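No gaps in the numbering here: position 50 of the sequence shown is 49 in numbering that gives the first Met the number 0, and each next residue is one more. Cβ atoms here follow ideal geometry from the backbone N, Cα and C, with glycine treated the same way. All values derive from a computational prediction rather than experimental measurement.
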Amino acid sequence: MDEKCAQLWTKVSTALKPQVSADTFKRWFSAVKLTSANAEAITLLVPNNIYQFWIESNHMVALQAAITSAVGGPRAVRFVTGAETSGDASAMVTPAPEKAEMPV
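In structure tokens:
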């Protein structure tokens, strides 16, 4: 995440925290990263599809309000999961080691 995105996510987070409980923020938003933003949309990296589903289902109104407050107008919100980002080391799947053959 570049510095500009990090600063913007800090602004969004600051606007979001008063709208959700501390537990909700810690549980659902502390692992979120803002990866890109333009005049139309903001893209958020979430650990997995469960985060995306839960945020969309339960906290989208608060998130949209926080984004509007932080950037001065509404933006579409796009989600990507760790599995969708090819360059993120934490998202890479490590194959299981092959079984060693036992001597007979």
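Chain-order list of residues whose beta-carbon lies under 6 Å from that of residue i (same chain, five-residue window excluded)
i: K10; result: A69
i: V76; result: I41
i: A65; result: V11, A14, L15
i: V31; result: L43, V45
Within 8 Å, strictly: CB atoms of residue i and residue j
i: L62; j: L33; result: no
i: C4; j: S35; result: yes
Residue i CB to nearest heavy atom of the ligand SAM below 7 Å
i: L43; result: With respect to the ligand SAM, the structure shown offers nothing to examine, as it has no ligands at all.
Unbroken alpha helix (DSSP H) run spanning residue i, endpoints
i: S56; result: 48-57
i: V11; result: 2-15
Cutoff 7 Å; reference residue i; Cβ partners in own chain excluding five residues on either side
i: W27; result: Y50, W53, I54, H58
i: G71; result: none
The beta strand (DSSP E) enclosing residue i, as first and last residue numbers
i: R77; result: 75-80
i: K32; result: 32-36
i: V45; result: 40-45
Close beta carbons around residue i, own chain, < 8 Å, minus the five adjacent residues each side
i: K79; result: Strictly speaking, residue 79 in this sequence is Val, with Lys absent from that position. Counting only Cβ-Cβ distances below 8 Å, and skipping sequence neighbours, we find T34, T42, L43, L44, V45.
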